[in-house]
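Undergrad: Each number in my numbering corresponds to the 1-based position in the sequence shown with 521 added.
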Amino acid sequence: MKRSVGEILGRTGIRITLILWSIAVLYPIIWMFIGSFKSNAEIYANPWGFPESFNFQNFATAWSNYNIDTSVFNSFIVTIVGALLTLVLAIPTAYAIERIKFRGSNLLFMLYVSAMMIPMVLGWIPLFFLLADLNLLDNIFGLAIVYAVSQLPFSIFVLTSFMSTIPKSLEESAAMDGMSPYGVLLKIITPLSMSGIITVTIMNAIQFWNEYFMALIFLQSKDNYTLALAIDFISSEAQYTNAWGTLFASLVIAIVPVIILYAIFQQRISKGMAEGAIKG
Numbered sequence: 522m523k524r525s526v527g528e529i530l531g532r533t534g535i536r537i538t539l540i541l542w543s544i545a546v547l548y549p550i551i552w553m554f555i556g557s558f559k560s561n562a563e564i565y566a567n568p569w570g571f572p573e574s575f576n577f578q579n580f581a582t583a584w585s586n587y588n589i590d591t592s593v594f595n596s597f598i599v600t601i602v603g604a605l606l607t608l609v610l611a612i613p614t615a616y617a618i619e620r621i622k623f624r625g626s627n628l629l630f631m632l633y634v635s636a637m638m639i640p641m642v643l644g645w646i647p648l649f650f651l652l653a654d655l656n657l658l659d660n661i662f663g664l665a666i667v668y669a670v671s672q673l674p675f676s677i678f679v680l681t682s683f684m685s686t687i688p689k690s691l692e693e694s695a696a697m698d699g700m701s702p703y704g705v706l707l708k709i710i711t712p713l714s715m716s717g718i719i720t721v722t723i724m725n726a727i728q729f730w731n732e733y734f735m736a737l738i739f740l741q742s743k744d745n746y747t748l749a750l751a752i753d754f755i756s757s758e759a760q761y762t763n764a765w766g767t768l769f770a771s772l773v774i775a776i777v778p779v780i781i782l783y784a785i786f787q788q789r790i791s792k793g794m795a796e797g798a799i800k801g
């Protein structure tokens with residue numbers, strides 16, 4: 522079957538656009554990765570070239586002199602605690618809204634969906650004073666709570682989409698066997714919604730790992746800095762110390778876990794989001 526000239530030109534234009542977009546996205550990352558192995562002299566002498574030898578001193582400097590090790594640990598704690606807390610809150614809420622269908626459940630669902638449209642920045646000032654009153658300001662666990670609350674509407678929206686397609690007959694059979702609603706949630710609904718749960722967990726984890734502005738507001742001491750704040754500090758220092766190689770190394774440390782996580786679960790994320798959209 523012959524294709525028309527217009528179809529061929531259209532496909533070619535789309536491919537060229539995608540190639541150019543991929544280059545625009547990947548080139549800065551590749552340049553940063555190469556720069557992380559170069560000395561400052563090499564960066565200034567030949568910023569676009571490859572290093573004469575791969576030097577890991579920049580990584581050692583970032584890890585020890587700028588406390589990147591502590592920041593990585595803090596980011597892991599905030600990400601893991603925030604992601605788990607989001608699931609603890611979102612799974613029962615989505616189950617109650619979608620499966621129990623109490624009076625006002627539809628209104629509650631609409632409120633959660635509407636909350637996705639509201640900029641989180643509007644709640645930063647009240648949250649600041651609330652965390653201060655609870656002695657959770659400048660505390661990574663307090664930040665994890667804020668992260669969990671911020672992603673709760675999205676998580677509930679996705680999970681209700683998955684739970685809506687689970688046959689009611691499974692719950693009815695379990696109820697006839699004497700299983701409580703909590704048992705139904707834990708032994709039937711949760712396993713059957715695992716694809717959505719994994720998708721939500723990964724998406725939230727990536728969001729928490731990369732988040733900057735809320736960490737900047739709610740964390741104050743360097744010992745509690747997440748990786749994003751530590752990199753911002755190195756960036757400000759690099760303006761005066763010219764430690765660009767150290768900055769590039771810290772950026773590589775930050776993005777490698779995200780790339781690995783996404784590479785491992787790429788198909789799961791794409792499949793989960795597509796299934797959630799279709800089921801929703």
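Where is the CB? At the ideal position from N, CA and C, for every residue including glycine. The structure presented is a predicted model; accordingly, all values stated were derived computationally and were not measured.
Rounding to the nearest angstrom, what Cα-Cα distance links Ser718 and Glu563 in this structure?
TA: Walking along the sequence shown from the start, residue 718 turns up at place 197. Walking along the sequence shown from the start, residue 563 turns up at place 42. Contrary to the premise, residue 718 reads as Ile rather than Ser in this sequence. Their backbone Cα atoms lie some 46 Å apart in a straight line.
Undergrad: Considering only their Cβ atoms, is the gap separating Ile755 from Ser771 smaller than 7 Å?
TA: As a position in the sequence shown, residue 771 is number 250, starting the count at 1. As a position in the sequence shown, residue 755 is number 234, starting the count at 1. Yes, they are a contact pair.
Undergrad: Figure out for me which residue from Val634, Phe594, Tyr587 has the closest Cα to the Cα of Gln751.
TA: As a first step, residue 751 is located in the sequence shown; it is residue number 230 there, counting from the start. The sequence shown places Ala at residue 751, not Gln. Here the closest residue by C-alpha is Tyr587.
Undergrad: Whole angstroms are fine: how far does the CA of Leu707 sit from the CA of Gln787?
TA: Translated into the one-based positions of the sequence shown, residue 787 becomes position 266. Translated into the one-based positions of the sequence shown, residue 707 becomes position 186. Rounded to the nearest angstrom, the two C-alpha atoms are 27 Å apart.
Undergrad: Just to confirm, is the Cβ distance from Ser676 to Ala611 under 7 Å?
TA: Reading the sequence shown from its first residue, position 155 is the one you call residue 676. Reading the sequence shown from its first residue, position 90 is the one you call residue 611. Cβ distance < 7 Å, so Ser676 and Ala611 count as in contact.
Undergrad: Looking at C-beta atoms only, is the number of pairs between the segment 592 to 611 and the segment 724 to 731 that lie closer than 8 Å three or more?
TA: Result yes; three or more Cβ-Cβ pairs closer than 8 Å.
Undergrad: Just to confirm, are Thr722 and Ala736 a CB contact at a threshold of 7 Å?
TA: Taking the first residue of the sequence shown as position 1, residue 722 is located at position 201. Taking the first residue of the sequence shown as position 1, residue 736 is located at position 215. Taking 7 Å as the Cβ cut-off, Thr722 and Ala736 do not qualify as a contacting pair.
Undergrad: What is the DSSP secondary structure of Trp730, counted as helix, strand or coil?
TA: Along the sequence shown, read from residue 1 onward, the residue named residue 730 stands at position 209. If DSSP states are grouped into helix, strand and coil, Trp730 belongs with the helices.
Undergrad: From Lys743 to Ile589, what distance separates their C-alpha atoms?
TA: For the purposes of this step, residue 743 is taken as residue 222 along the sequence shown, with counting starting at 1. For the purposes of this step, residue 589 is taken as residue 68 along the sequence shown, with counting starting at 1. Cα to Cα, Lys743 sits roughly 10 Å from Ile589.
Undergrad: For Glu573, is the classification buried or exposed, using 16 other Cβ atoms within 10 angstroms of its Cβ as the cut-off for buried?
TA: The residue given as residue 573 occupies position 52 in the sequence shown. Answer is exposed; the Cβ neighbour count stays below 16.
Undergrad: Quick one, are the C-beta atoms of Leu628 and Ile618 less than 7 Å apart?
TA: What you label residue 628 is simply residue 107 of the sequence shown in a count that begins at 1. What you label residue 618 is simply residue 97 of the sequence shown in a count that begins at 1. Cβ distance not < 7 Å, so Leu628 and Ile618 don't count as in contact.
Undergrad: Counting only runs of 4+ residues fully inside the segment 624 to 657, write out the alpha helix (DSSP H) ranges in chain order.
TA: The segment 624 to 657 contains these whole alpha helix (DSSP H) runs: 626 to 636, 645 to 654.
Undergrad: Leaving out the 5 sequence neighbours to the left and right, which residues in its chain are closer than 8 Å to Ile774 when beta-carbon positions are compared?
TA: As a first step, residue 774 is located in the sequence shown; it is residue number 253 there, counting from the start. Around Ile774: Phe580, Ala583, Trp584, Ile589, Val593, Leu748.
Undergrad: Using C-beta distances below 7 Å, list every residue in its chain close to Ala615, excluding the 5 sequence neighbours before and after it, in chain order.
TA: Within the sequence shown, residue 615 is the residue found at index 94, counting from 1. The residues are Ile677, Leu680, Thr681, Met684.
Undergrad: I'd like to check one pair, Gln672 with Thr767: are the Cβ atoms closer than 7 Å?
TA: As a working mapping, residue 767 is identified with position 246 in the sequence shown. As a working mapping, residue 672 is identified with position 151 in the sequence shown. No, the Cβ-Cβ distance between Thr767 and Gln672 is not below 7 Å.
Undergrad: Determine the DSSP secondary structure at Met697, reduced to helix, strand or coil.
TA: As a first step, residue 697 must be located in the sequence shown, where it is residue number 176. Three-state result, Met697: helix.
Undergrad: Suppose you measure from the CA of Ile535 to the CA of Leu632; what does that come to, to the nearest Å?
TA: Reading the sequence shown from its first residue, position 14 is the one you call residue 535. Reading the sequence shown from its first residue, position 111 is the one you call residue 632. Those two C-alpha atoms are separated by around 39 Å.
Undergrad: Does the Cβ-Cβ distance between Met637 and Pro674 come in under 7 Å?
TA: Stepping through the sequence shown from its first residue, residue 637 is reached at position 116. Stepping through the sequence shown from its first residue, residue 674 is reached at position 153. Yes. Within cutoff.
Undergrad: With respect to the alpha helix (DSSP H) encompassing Gly570, which residues constitute its N-terminal and C-terminal limits?
TA: In the sequence shown, counting from the first residue as 1, residue 570 sits at position 49. It is not in any alpha helix (DSSP H) - Gly570 carries neither H nor E in the DSSP assignment.
Undergrad: Using the C-alpha atoms, what's the distance from Met715 back to Ala695?
TA: Here the question's residue 695 lines up with position 174 in the sequence shown. Here the question's residue 715 lines up with position 194 in the sequence shown. Between Ala695 and Met715, the C-alpha separation is close to 19 Å.
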